[in-house]
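For reference, the structure is listed below as structure tokens.
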Amino acid sequence: MSTDAAGSEPAPILLLNGPNLNTLGIRQPEVYGSATLADVVELAERTAGELGYGLRAAQTNHEGQMIDWLHEARGNISGIVINPAAWTHTSVALADALVIPEVPIIEVHISNVHQREAFRHHSYVSPLASGIVVGCGIRGYEFAIRRLVEVLG
Ligand code: DQA
1 MSTDAAGSEP
11 APILLLNGPN
21 LNTLGIRQPE
31 VYGSATLADV
41 VELAERTAGE
51 LGYGLRAAQT
61 NHEGQMIDWL
71 HEARGNISGI
81 VINPAAWTHT
91 SVALADALVI
101 PEVPIIEVHI
111 SNVHQREAFR
121 HHSYVSPLAS
131 GIVVGCGIRG
141 YEFAIRRLVE
151 VLG
């Protein structure tokens, strides 16, 4: 596990959210619920803090930006919780970047993608993930962080 410069505290968990998740609470609430991205970040920060980890959270609608963040994360984080949103189903580039930090990954989807359109059933990220949380609403982020910390041992 990566630690900080003093070697005393674990490096933070990186929480990444992909395209359109900045509109959580407004976008299709019947699918994604009424909670906002700020609510997700607060829940994730609280959960990570309870388990002794800091959290770095970021969302972007720009694929290259997310790839750059993953490059920069190498050596600086303990693990990744990611909701790649639509890039889940489309992006080999994101999947390639996700292995660069060489840390455990938990994939999260707020909705049950397997109950939805066939194009949402395939994920380029799942083969890289230590765990996948699907269809648990925003509580899935809490479950993902708890599982990531278990995986980190
Ligand atoms: C999502 C599911 C994806 O299919 C979709 O493109 C999203 C959100 C989810 O959290 O349920 O944007 O990742």
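The numbering of the sequence shown is the UniProt record's numbering, which starts it at 1 and goes up by one.
Yeah, the Cβ is synthetic: ideal placement off N, Cα and C, and Gly gets one too.
Asked: Note the first and the last residue of the continuous beta strand (DSSP E) segment covering residue 157.; Found: Nothing can be reported for residue 157: it is not among the residues displayed for the chain, which extend from 1 to 153.
Asked: Rounded to the nearest angstrom, how far is the Cβ of A86 from that of I67, given a contact under 8 Å?; Found: So it is not a contact: roughly 15 Å between Cβ atoms.
Asked: Confirm the yes/no value for this check: CB of A95, any heavy atom of the ligand DQA, distance under 6 Å.; Found: no
Asked: Nearest to I138 by alpha carbon, out of L15, S111, A93, P10?; Found: S111
Asked: Between V108, A118, E150, which has its C-alpha nearest V40's C-alpha?; Found: V108
Asked: Nearer than 6 Å: is that true of the beta carbon of R120 relative to any heavy atom of the ligand DQA?; Found: yes
Asked: Of the residues R56, I82, T60, which one's Cα is nearest the Cα of N76?; Found: R56
Asked: Answer with buried or exposed for Q59, where buried requires no fewer than 16 other C-beta atoms within 10 angstroms of its C-beta.; Found: buried
Asked: Please state whether the Cβ-Cβ distance between L51 and V149 is less than 7 Å.; Found: yes
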